[in-house]
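Engineer: I have a structure I would like to understand better, so I am pasting it below and will then ask my questions one at a time.
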Amino acid sequence: MSVVGTDGRGVRHARAARLASVCVSVLMAFAARGAVAEAPDAGRKNWYNDPFFALSDAITACPQPLGPLMTKAEADDDAHYRVERGTTCWLAHKCSKPNSYLYDADIAAAIRRHLQGDAMFAGTSIWITVQRRFVYAEGCVGAGFDEAELERRLSAVADVEQVFVRLTSDPHGTLPYKALAPAP
C-alpha cells in the first residue's frame with residue numbers, strides 16, 4: 267500500500283514534513299552549541315537576525331520599538347512557530363523560496379535603498395522590522411505625517427506580503443507598539 271496518491275500530494279507533504287523537521291533540528295543544534303547564547307547585560311537579543319533598523323531618527327524622545335528583540339526563553343518558545351510559519355508560504359505555493367524568512371534581507375535592503383533619507387521622513391523617528399515578508403514601521407512622527415502614504419510605499423516593495431504601520435505623534439503617551447524599557 268502506497269501513501270502517495272495519484273496526484274502526488276503525499277510526496278509534497280512528506281517533503282514538507284522533512285523540511286520542517288530539519289529546520290527545527292538546525293535551530294535546536296544552534297541552541298545546544300551555544301550559538302544562541304543570551305547576552306548577560308541586555309537580556310534581549312535579535313536571535314534570528316531579523317532585519318531591524320532606524321529609517322529616521324529626528325525625534326530623540328521617541329522610545330525605540332522592541333522590534334525582533336526577545337529573551338532566550340521567548341526565542342526558544344518561538345522556534346517551532348517560526349519554522350511552521352516560514353514553510354507555510356512555500357507549501358501554499360505563495361513563495362518560490364522554501365521559507366518566507368529568506369526574503370527578509372532583500373526586502374530590508376530595498377526599503378533602505380528606496381526610502382532612507384527621503385524628505386517624507388524629515389522630523390520623524392521610524393524603525394523598520396522585517397519578518398516573514400511582513401514589514402513593521404514603528405516610531406514617532408509629526409501630527410501631519412501621511413501614514414497611508416508610508417504604507418503604500420512599503421507595500422510597493424517587491425515580495426512584501428503585509429505592512430503594519432504603528433506610529434504615534436506623542437512619544438510620551440500610550441504607544442501603539444511594544445518598546446524597549448527606558449534606561450534606568
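Be aware that the sequence shown starts at 267, since it is given in this note's numbering, and climbs by one per residue.
Backbone N, C-alpha and C fix where the C-beta goes; we use that ideal spot for every residue, glycine too.
Which partner residues of VAL396 appear in the DSSP bridge assignment?
Structural biologist: According to DSSP, which records beta bridges pairwise, VAL396 is partnered with VAL401.
Engineer: DSSP three-state label for CYS328, please.
Structural biologist: Here CYS328 sits in coil by DSSP.
Engineer: Please go through the same chain and pick out, in chain order, the residues whose beta-carbon is closer than 6 Å to the beta-carbon of HIS279, but skip the five residues on each side of it.
Structural biologist: At HIS279 the pLDDT is 47, less than 50, meaning the model places this residue with poor confidence and gives no usable figure here.
Engineer: Less than 7 Å between the CB of GLY410 and some heavy atom of the ligand HEM, yes or no?
Structural biologist: With respect to small molecules bound, the structure shown includes none, and the ligand HEM cannot be examined in it.
Engineer: Any C-beta of chain B sitting closer than 8 Å to the C-beta of SER322?
Structural biologist: Absent here is chain B; the protein component of the structure consists of one chain.
Engineer: Hey, quick one: how far does the alpha helix (DSSP H) through THR354 stretch, first residue to last?
Structural biologist: THR354 -> alpha helix (DSSP H) spans 338-357.
Engineer: Just how far apart, CA to CA, sit MET336 and SER435?
Structural biologist: Taking the straight line from one Cα to the other gives about 26 Å.
Engineer: Quick check: the stretch 325-341 against the stretch 410-420, are at least 3 beta-carbon pairs closer than 8 Å?
Structural biologist: No, they do not touch.
Engineer: What three-state label does DSSP hand LEU285 in the structure shown?
Structural biologist: Model confidence at LEU285 stands at a pLDDT of 49, short of 50, so the residue's coordinates are unreliable and nothing is read from them.
Engineer: Based on Cα-Cα distance, which residue from PRO329, LYS311, TRP356 lies nearest to ARG432?
Structural biologist: Nearest of PRO329, LYS311, TRP356 to ARG432, Cα basis: PRO329.
Engineer: Could you tell me whether the stretch 340-348 touches the stretch 377-389, using the rule of 3 or more Cβ pairs below 8 Å?
Structural biologist: No, the stretch 340-348 is not in contact with the stretch 377-389.
Engineer: Select from ARG379, HIS438, ALA358 the residue whose C-alpha is nearest the C-alpha of VAL423.
Structural biologist: Of the listed residues, the one whose Cα sits closest to VAL423 is ARG379.
Engineer: For CYS406, which beta-bridge partners are listed by DSSP?
Structural biologist: BP columns for CYS406 point to SER391, THR434.
Engineer: Please name the residue in LEU441, VAL426, PRO331 whose C-alpha comes closest to that of ALA371.
Structural biologist: Nearest C-alpha to ALA371: VAL426.
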